[in-house]
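Numbering (full-length UniProt numbering), first residue to last: 1 to 300.
Every residue gets a Cβ at the ideal spot worked out from N, C-alpha and C, and that includes glycine.
The structure displayed is predicted, hence computed values, not measured ones.
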């Protein structure tokens, strides 16, 4: 099988951000919505961490930052944060003050050490606690929310999402068509007394079906090993072992219909496709034709 060329198509829309904040990136299409299975870290809500900050004036900010960077450098867990932010203050001469992140509460005693206290004496700092994000954001939704609480140093890179958040009619129709073929294969397996699971391998560049199999087939002696860049449509969520095989085959995307609640390797706790220690990752989606796939999986 010829692998399709690797193309990067980046999308970071407000729709993606809203959908991700609600549990996933939803690709809409008729009565068969598709939802991306995101990692736990991408779904993580705001987690507060308390730091100590102090107000300063714009004229003194640079000098204060130099002293802090020398004597109280940002701790490793705060590297994703900016050290300074602007806060509106009508009582200030400039109409605002600058708040500087000084240290963690656990390091407050260091501010009183002679060397540091002497360097900071000219600034007359008054420390106060402020909540910031404990983690660096991985999605635009996280960045937007957490950056509004305390500035984040860098926006996360755009995630590669294809198809786009509003699935084009043709792309959606094609996806439904691929899953229908997978359902046909699953019914063939069922009629043979095998487990009713079907799968279709698609070349996304040409739109051609490369292979369609039911569980009664034995592919161990046929076909190529690598499926680099291809898409897999399967009627039931792969188990952990099968999900690992999908990963080793270098698929780019996997669409599954019915969840495998007991042993699923993608939508449950495992979320194998998002594991940071693995050397390949792919995107996983629930749908299309989830109702049909669930019904087939539930049939005796």
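Residue i, DSSP secondary structure in three states
i, result
"residue 77", "helix"
"residue 177", "helix"
"residue 280", "coil"
"residue 149", "coil"
"residue 292", "helix"
"residue 58", "helix"
"residue 267", "coil"
"residue 286", "strand"
"residue 242", "helix"
"residue 211", "strand"
"residue 107", "helix"
"residue 112", "helix"
"residue 140", "helix"
"residue 182", "helix"
"residue 193", "coil"
"residue 262", "coil"
"residue 206", "coil"
"residue 72", "coil"
Inter-residue spacing [alpha-carbon to alpha-carbon] between residue i and residue j
i, j, result
"residue 197", "residue 205", "25 Å"
"residue 253", "residue 49", "36 Å"
"residue 203", "residue 256", "17 Å"
"residue 280", "residue 243", "12 Å"
"residue 194", "residue 245", "21 Å"
"residue 174", "residue 277", "33 Å"
"residue 92", "residue 144", "28 Å"
"residue 267", "residue 34", "13 Å"
"residue 297", "residue 260", "9 Å"
"residue 72", "residue 53", "12 Å"
"residue 209", "residue 51", "55 Å"
"residue 289", "residue 147", "38 Å"
"residue 135", "residue 80", "7 Å"
"residue 74", "residue 183", "55 Å"
"residue 152", "residue 100", "13 Å"
"residue 258", "residue 291", "8 Å"
"residue 39", "residue 96", "39 Å"
"residue 270", "residue 121", "52 Å"
"residue 283", "residue 273", "7 Å"
"residue 238", "residue 228", "18 Å"
"residue 190", "residue 41", "38 Å"
"residue 187", "residue 157", "42 Å"
Spatially closest choice to residue i from the options, by CA coordinates
i, options, result
"residue 154", "82, 241, 44", "82"
"residue 133", "69, 297, 276, 104", "104"
"residue 46", "266, 286, 158, 139", "139"
"residue 130", "137, 150, 146", "150"
"residue 86", "114, 68, 55", "55"
"residue 241", "262, 69, 258, 231", "262"
"residue 172", "157, 100, 99, 233", "233"
"residue 170", "101, 207, 141", "207"
"residue 249", "269, 271, 226, 141", "226"
"residue 68", "119, 57, 80, 39", "119"
"residue 201", "231, 185, 187", "231"
"residue 44", "156, 137, 158, 247", "137"
"residue 36", "269, 299, 286", "286"
"residue 58", "89, 78, 70", "89"
"residue 94", "60, 192, 247, 76", "60"
Residue i beta carbon near the ligand GTP (any heavy atom closer than 7 Å)
i, result
"residue 37", "Although the ligand GTP was asked about, the structure shown includes no ligands whatsoever."
Which residues DSSP lists as bridging residue i, in chain order
i, result
"residue 232", "201, 254"
"residue 129", "52"
"residue 85", "99"
"residue 36", "285"
query: Between the stretch 108 to 122 and the stretch 177 to 185, are three or more C-beta pairs nearer than 8 Å?
result: The stretch 177 to 185 and the stretch 108 to 122 do not touch, with fewer than three beta-carbon pairs separated by less than 8 Å.
query: Are the stretch 112 to 132 and the stretch 59 to 77 touching by the rule of at least three beta carbon pairs closer than 8 Å?
result: Enough Cβ pairs lie closer than 8 Å, so yes.
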